[in-house]
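Residue numbers (numbering that gives the first Met the number 0), protein chains in the order written: chain A, 0 to 200; chain B, 0 to 200.
Just so it is clear, CB atoms sit at the ideal spot from N, CA and C, and this is done for glycine as well.
Before any comments, here is the structure.
2 protein chains.
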Amino acid sequence: MRRGLGSAATEFQRRVMRLYIGLVHYPVYNKNFQTIASAITTLDVHDIARLARTFDVKLFFVITPLEDQQCLARRIYRHWTVGFGAEYNRHRKEAIELVRVVPSLDKAMLAIGDKEGKAPLVIATAASRQERNRSISCEEARCMIEDDLPVLLIFGTAWGLERALIDTADYVLEPIRGRGSYNHLSVRAAVAIILDRLAGR
Amino acid sequence: MRRGLGSAATEFQRRVMRLYIGLVHYPVYNKNFQTIASAITTLDVHDIARLARTFDVKLFFVITPLEDQQCLARRIYRHWTVGFGAEYNRHRKEAIELVRVVPSLDKAMLAIGDKEGKAPLVIATAASRQERNRSISCEEARCMIEDDLPVLLIFGTAWGLERALIDTADYVLEPIRGRGSYNHLSVRAAVAIILDRLAGR
Numbered sequence: 000m001r002r003g004l005g006s007a008a009t010e011f012q013r014r015v016m017r018l019y020i021g022l023v024h025y026p027v028y029n030k031n032f033q034t035i036a037s038a039i040t041t042l043d044v045h046d047i048a049r050l051a052r053t054f055d056v057k058l059f060f061v062i063t064p065l066e067d068q069q070c071l072a073r074r075i076y077r078h079w080t081v082g083f084g085a086e087y088n089r090h091r092k093e094a095i096e097l098v099r100v101v102p103s104l105d106k107a108m109l110a111i112g113d114k115e116g117k118a119p120l121v122i123a124t125a126a127s128r129q130e131r132n133r134s135i136s137c138e139e140a141r142c143m144i145e146d147d148l149p150v151l152l153i154f155g156t157a158w159g160l161e162r163a164l165i166d167t168a169d170y171v172l173e174p175i176r177g178r179g180s181y182n183h184l185s186v187r188a189a190v191a192i193i194l195d196r197l198a199g200r
Numbered sequence: 000m001r002r003g004l005g006s007a008a009t010e011f012q013r014r015v016m017r018l019y020i021g022l023v024h025y026p027v028y029n030k031n032f033q034t035i036a037s038a039i040t041t042l043d044v045h046d047i048a049r050l051a052r053t054f055d056v057k058l059f060f061v062i063t064p065l066e067d068q069q070c071l072a073r074r075i076y077r078h079w080t081v082g083f084g085a086e087y088n089r090h091r092k093e094a095i096e097l098v099r100v101v102p103s104l105d106k107a108m109l110a111i112g113d114k115e116g117k118a119p120l121v122i123a124t125a126a127s128r129q130e131r132n133r134s135i136s137c138e139e140a141r142c143m144i145e146d147d148l149p150v151l152l153i154f155g156t157a158w159g160l161e162r163a164l165i166d167t168a169d170y171v172l173e174p175i176r177g178r179g180s181y182n183h184l185s186v187r188a189a190v191a192i193i194l195d196r197l198a199g200r
């Protein structure tokens, strides 16, 4: 029995995923549903990088067109991968090493295309339900990921991904629903729950 | 079919839970496994309160014996429930309203006992596997919660709950495992994943 479980666990770990995630800072909405470029939250980068490492995500794209924000993200990267932080906390290094700073979703897709030899399927996430024909469940998304397709899962900061960007995605993941109608999780919490559902054991 | 699903969803929402969570700032370990009282991270309070509201948690206890830290937590509470924040963002208000600041785990248990008429089962969480006889799976914990028992789920900040505190819990939840051996999630991410597994749909 124990041996059987052990083999199943090993089999699970061996199953190769080609899962990528992107944290989009533009175009996203602000509180008044105006399109903005949001500022990077340092903690988002840390929390999501640690989640990415936990769930065997290949790369974590921090997407922002703002040059000062790109500099900030690269400074975080250097601090934890080659600077003081790399010595101080090697677990953080292992996580932050997955970060790539790019100016746009297109650039993230190109980088994945270069690495994988084909463009990824893009699955957008949203807190509210989108039109039914592109909406997929977590189970469906999990099948795509386990089917050895390169998949890029994108998350919006601030008040969420701009509608026009969602429209360019191949699919939109069903929103996370809790036990009632409250629907206001942080993006960090949403990434945690979605990665556990799509790539957890 | 749709109607059937709708009824199941309604049934799910009606099922009453008596789930409480506690974020412990003392006694926890620092990086060198010395017992400390950690500082409150404002963002933990926000993220975890929003998760608590999402998953229908009854109260979220912020546990710290340090008076200045209790003041900080109460200031956050006031700002978002009766101060400027209450007007600015009512969704945040609905979440932060679940926060209770208490000096110890015992005080949290007493508060639950007063409210529920019986002491809660305490389930500790830990990043590493504990001795087998008190370890329970997420499925087992979910059953206890759905069995109408008051349950207090406790999470450690910093490098995790002190061993002596874990020993006082009734059960210890199995650690979250990702796809490999990396095991260094933020407490915010751990709360997100565990609440989704124990109380999500």
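Does any C-beta atom of chain A lie closer than 8 Å to the C-beta of residue i?
i, result
"residue 93 (chain B)", "yes"
"residue 36 (chain B)", "no"
"residue 192 (chain B)", "yes"
"residue 50 (chain B)", "yes"
"residue 105 (chain B)", "no"
"residue 54 (chain B)", "yes"
"residue 198 (chain B)", "yes"
"residue 42 (chain B)", "yes"
"residue 184 (chain B)", "yes"
"residue 90 (chain B)", "yes"
"residue 15 (chain B)", "no"
Can you tell me the Cα-Cα spacing of residue i and residue j, whole angstroms?
i, j, result
"residue 39 (chain A)", "residue 24 (chain A)", "7 Å"
"residue 89 (chain B)", "residue 95 (chain B)", "10 Å"
"residue 186 (chain B)", "residue 43 (chain B)", "8 Å"
"residue 71 (chain A)", "residue 100 (chain A)", "10 Å"
"residue 87 (chain B)", "residue 196 (chain B)", "32 Å"
"residue 128 (chain B)", "residue 163 (chain A)", "45 Å"
"residue 191 (chain A)", "residue 116 (chain B)", "34 Å"
"residue 21 (chain A)", "residue 53 (chain A)", "16 Å"
"residue 182 (chain A)", "residue 161 (chain B)", "33 Å"
"residue 51 (chain B)", "residue 37 (chain A)", "26 Å"
"residue 126 (chain A)", "residue 103 (chain B)", "36 Å"
"residue 167 (chain A)", "residue 139 (chain A)", "19 Å"
"residue 63 (chain B)", "residue 149 (chain B)", "22 Å"
"residue 93 (chain B)", "residue 16 (chain A)", "38 Å"
"residue 33 (chain A)", "residue 135 (chain B)", "47 Å"
"residue 200 (chain B)", "residue 184 (chain B)", "23 Å"
"residue 170 (chain B)", "residue 189 (chain B)", "17 Å"
"residue 79 (chain A)", "residue 41 (chain A)", "12 Å"
"residue 98 (chain B)", "residue 147 (chain A)", "43 Å"
"residue 91 (chain B)", "residue 46 (chain B)", "10 Å"
"residue 83 (chain A)", "residue 67 (chain A)", "22 Å"
"residue 48 (chain B)", "residue 124 (chain A)", "22 Å"
"residue 165 (chain A)", "residue 26 (chain B)", "45 Å"
Let me see if you follow: with CB-CB separation under 8 Å, is residue i close to chain B or not?
i, result
"residue 187 (chain A)", "yes"
"residue 124 (chain A)", "no"
"residue 181 (chain A)", "yes"
"residue 178 (chain A)", "yes"
"residue 147 (chain A)", "no"
"residue 46 (chain A)", "yes"
"residue 195 (chain A)", "yes"
"residue 27 (chain A)", "no"
"residue 84 (chain A)", "no"
Based on DSSP bridge pairs, tell me the residues matched to residue i.
i, result
"residue 34 (chain A)", "A:28"
"residue 23 (chain A)", "A:62, A:155"
"residue 135 (chain A)", "A:172"
"residue 150 (chain B)", "B:18, B:120"
"residue 184 (chain A)", "Beta-bridge pairing links residue 184 (chain A) to no other residue."
"residue 160 (chain B)", "B:27"
Would the C-beta of residue i count as close to the ligand NAP, meaning under 7 Å from any of its heavy atoms?
i, result
"residue 107 (chain B)", "The ligand NAP is not among the ligands present in this structure, which contains no ligands whatsoever."
Counting Cβ pairs closer than 8 Å, one from the segment 144 to 164 of chain A and one from the segment 148 to 163 of chain B, do we hit at least three?
no
So does the segment 114 to 129 of chain A actually touch the segment 138 to 151 of chain A, counting three or more Cβ pairs closer than 8 Å?
yes
Quick check for students: name the residue ranges of the beta strand (DSSP E) that lie wholly in the segment 79 to 123 of chain A, counting only runs of 3 or more.
98 to 101
In chain order, which beta strand (DSSP E) runs of at least 3 residues are fully inside the segment 46 to 72 of chain B?
59 to 62
Quick one: any contact between the segment 50 to 62 of chain B and the segment 107 to 117 of chain B, if contact means 3 or more CB pairs under 8 Å?
yes
Using a Cβ distance threshold of 8 Å, determine whether the segment 166 to 185 of chain A contacts the segment 174 to 181 of chain B, with at least three qualifying pairs required.
no
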